[in-house]
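Taking the numbering used here, the leading residue of the sequence shown gets 1, the next gets one more, and so forth.
Everything on this sheet refers to the single structure shown next.
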Amino acid sequence: MGLSEVWKLIPRFNSFRRTHIILQHLRMSNHTDAAAAVLLERKGCAGVITLNRPKFLNALNLNMIRQIYPQLKKWEQDPETFLIIIKGTGGKAFCAGGDIREVSEAEKAKQKLSQDFFREEYMLNSAIDSCQKPYVALIHGITMGGGVGLSVHGQFRVATENTLFAMPETSIGLFPDVGGGYFLPRLQGKLGYFLALTGFRLKGRDVQRAGIATHFVDSEKLGLLEEDLLALKSPSKENIADVLETYHTKSKIDQDKPFILEEHMDKINRWFSANTVEQIIENLQQDGSSFALEQLKVINKMSPTSLKITLRQLMEGSSKTLQEVLTMEYQLSQACMRGHDFHEGVRAILIDKDQSPKWKPADLKEVTDEDLNNYFKSLGSNDLKF
Numbered sequence: 001m002g003l004s005e006v007w008k009l010i011p012r013f014n015s016f017r018r019t020h021i022i023l024q025h026l027r028m029s030n031h032t033d034a035a036a037a038v039l040l041e042r043k044g045c046a047g048v049i050t051l052n053r054p055k056f057l058n059a060l061n062l063n064m065i066r067q068i069y070p071q072l073k074k075w076e077q078d079p080e081t082f083l084i085i086i087k088g089t090g091g092k093a094f095c096a097g098g099d100i101r102e103v104s105e106a107e108k109a110k111q112k113l114s115q116d117f118f119r120e121e122y123m124l125n126s127a128i129d130s131c132q133k134p135y136v137a138l139i140h141g142i143t144m145g146g147g148v149g150l151s152v153h154g155q156f157r158v159a160t161e162n163t164l165f166a167m168p169e170t171s172i173g174l175f176p177d178v179g180g181g182y183f184l185p186r187l188q189g190k191l192g193y194f195l196a197l198t199g200f201r202l203k204g205r206d207v208q209r210a211g212i213a214t215h216f217v218d219s220e221k222l223g224l225l226e227e228d229l230l231a232l233k234s235p236s237k238e239n240i241a242d243v244l245e246t247y248h249t250k251s252k253i254d255q256d257k258p259f260i261l262e263e264h265m266d267k268i269n270r271w272f273s274a275n276t277v278e279q280i281i282e283n284l285q286q287d288g289s290s291f292a293l294e295q296l297k298v299i300n301k302m303s304p305t306s307l308k309i310t311l312r313q314l315m316e317g318s319s320k321t322l323q324e325v326l327t328m329e330y331q332l333s334q335a336c337m338r339g340h341d342f343h344e345g346v347r348a349i350l351i352d353k354d355q356s357p358k359w360k361p362a363d364l365k366e367v368t369d370e371d372l373n374n375y376f377k378s379l380g381s382n383d384l385k386f
């Protein structure tokens, strides 16, 4: 090869080298981002989990689950760790849910992310429930879906005036999972059925009044509360409860306001006692009040399949253990991944954002008992085991 040919190759080589360096940097930054998506630290007497994806409202992905689960188990066995605290960064959200867009895209590409994601997420939910150390979730900001799963099964859940709770899964062709089939039917009256089918949002102190949070604290005192918890010396569950109760008692924000749904609870209990979605809709139509018609309008936008799955999920879950519910929900999650509505819901709400999902079937009448039974069929050897 002559010198002229070598000179011709140099720009190409430099270009290749530049590309190689850029790719290397991207790989490194991806790794760094993934590693930093959750922070796991020992502070004082506690293990502290910090969800650290503020740009994505701390949405939970598989990488985060795979970091949190083993660390939770280690801290549970560590005699020097007396409690576990979980919180989110950014101020806007504790955790806005699971990264379902990523799950949907992987499923369409025939990757098995959805199996791993739901299985390992539910195993983490179960581990939080059975954790032998007091578990304190600071649910400041948006707390939905997967964020509820990271908090509601723990012993202590601390809401602030900025907490926004919802289980909006029926609007994306899914169902309120992460143990929703266990905790929702156990809320007062038929409140859980109402929240599950409508995706109704609870804010601030109402999250505690509904029984989802155990305590309410002014957001500006959250830092002090955490400091006081970390400063405890070999605390018992009772010591931790005392600190939380002290802050809760001192909080005056919205203290005199009634629960937002208080005036409607008798009606909610009647409407949502029905055994079918069709009967619930009929109850709302017959009532005809502005509140009833508002809920009817919301329900009519939801996936008909999701509505029917959700009602049955809650009815069955009301008499099951959490582990049995999570096994059922894993089966349902995989059936939804194979269906149409979940991917259509993700497209309409998160990708194209046209807010106009085209559900299939589009009418409740077209979702037959046979269709529903297929969703609830056991997966046999693929069942989730705890």
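Beta carbons: idealized from backbone N, C-alpha and C, even for Gly.
{"Asked": "For Gly-144, the three-state DSSP class (helix, strand or coil)", "Found": "With the sequence shown as reference, residue 144 is identified as Met, and Gly is not the correct amino acid for it. Looking at Met-144 - three-state DSSP - the assignment turns out to be strand."}
{"Asked": "Residue from Glu-107, Pro-185, Ser-356, Trp-75 with nearest C-alpha to Pro-134", "Found": "Trp-75"}
{"Asked": "Sub-7 Å separation of Glu-329 and Gly-181 beta-carbons", "Found": "yes"}
{"Asked": "Cβ neighbours of Leu-332 in the same chain (closer than 8 Å, five flanking residues each side left out)", "Found": "Phe-175, Asp-177, Ile-309, Gln-313, Tyr-375, Phe-376"}
{"Asked": "8 Å contact criterion, which Leu-202 and Gly-192 should meet: CB distance rounded", "Found": "Contact doesn't hold; Cβ gap of about 12 Å is too wide."}
{"Asked": "CA-to-CA distance, Leu-244 to Arg-27, given in whole angstroms", "Found": "Note that Arg-27 scores a pLDDT of 40, beneath 50, so its modelled location is shaky and nothing firm can be said."}
{"Asked": "Environment of Lys-237 [buried if 16+ CB atoms lie within 10 Å]", "Found": "exposed"}
{"Asked": "Arg-417 in three-state terms, based on DSSP", "Found": "Nothing about residue 417 can be reported from this structure: the residues present for the chain run from 1 to 386 only."}
{"Asked": "CA nearest to the CA of Ile-65, picked from Leu-372, Phe-118, Ala-196, Thr-198", "Found": "Phe-118"}
{"Asked": "Inter-stretch contact at 8 Å, needing at least 3 Cβ pairs: the segment 218-235 / the segment 259-277", "Found": "no"}
{"Asked": "Nearest-angstrom Cα separation, counted from Ser-273 out to Thr-368", "Found": "21 Å"}
{"Asked": "Residues that DSSP places opposite Ile-139 in a beta bridge", "Found": "Ala-159"}
{"Asked": "Whole alpha helix (DSSP H) elements within the segment 174-235, 4-residue minimum", "Found": "180-183, 191-198, 205-209, 222-230"}
{"Asked": "Delimiting residues of the alpha helix (DSSP H) encompassing Glu-41", "Found": "Segment 38-43 is the beta strand (DSSP E) holding Glu-41; no alpha helix (DSSP H) there."}
{"Asked": "Asp-97: first and last residue of the uninterrupted beta strand (DSSP E) it sits in", "Found": "The sequence shown places Gly at residue 97, not Asp. From DSSP, Gly-97 is part of no beta strand (DSSP E); its letter is neither H nor E."}
{"Asked": "Contact check, Asn-58 vs Gly-88, beta carbons under 7 Å", "Found": "yes"}
{"Asked": "Pair within 7 Å by beta-carbon distance, Gly-173 and Asp-341", "Found": "yes"}
{"Asked": "Beta-carbon spacing of Val-217, Thr-160 below 7 Å", "Found": "yes"}
{"Asked": "Pairwise C-alpha distance: Gly-47 and Gln-285", "Found": "51 Å"}
{"Asked": "Gly-47 - DSSP class collapsed to helix/strand/coil", "Found": "strand"}
{"Asked": "Check whether Ile-142 and Ala-96 have beta carbons under 7 Å apart", "Found": "yes"}
{"Asked": "N-terminal and C-terminal residue of the alpha helix (DSSP H) that Ile-86 is part of", "Found": "That residue, Ile-86, is in no alpha helix (DSSP H); its beta strand (DSSP E) goes 83-88."}
{"Asked": "Short CB-CB distance (under 7 Å) between Arg-338 and chain D", "Found": "In summary, chain D is missing from the structure at hand, where a single protein chain is found."}
{"Asked": "Buried versus exposed, by CB contacts within 10 Å (16 or more), Thr-198", "Found": "buried"}
{"Asked": "Bounding residues of the beta strand (DSSP E) (the contiguous stretch that carries Phe-376)", "Found": "Element bounds for Phe-376: n/a, residue is neither H nor E."}
{"Asked": "Three-state secondary structure assigned by DSSP to Ala-292", "Found": "helix"}
{"Asked": "Backbone CA spacing between Asn-283 and Ile-85 [nearest angstrom]", "Found": "43 Å"}
{"Asked": "Leu-113, DSSP secondary structure in three states", "Found": "helix"}
{"Asked": "Range covered by the alpha helix (DSSP H) that runs through Leu-307", "Found": "304-317"}
{"Asked": "Per DSSP, the bridge partner or partners of Leu-166", "Found": "The residue asked about is misnamed: residue 166 is Ala in this sequence, not Leu. According to DSSP, Ala-166 bridges with Met-144."}
{"Asked": "Residue interval of the alpha helix (DSSP H) (run including Glu-245)", "Found": "237-250"}
{"Asked": "Cβ-based neighbour list, Phe-213, same chain, cut-off 6 Å, excluding 5 preceding and 5 following", "Found": "Reading off the sequence shown, one finds Ala at residue 213, where the question assumed Phe. Cβ neighbours of Ala-213 beyond the five flanking positions: Arg-157, Ala-159, Val-207."}
{"Asked": "Residues near Phe-165 in its chain [Cβ-Cβ closer than 6 Å; skip 5 each side]", "Found": "Thr-143, Leu-202, Val-207, Ile-212"}
{"Asked": "Beta carbon of Gly-345 nearer than 7 Å to that of Pro-357", "Found": "yes"}
{"Asked": "Under the three-state DSSP convention, the category Leu-60 falls into", "Found": "strand"}
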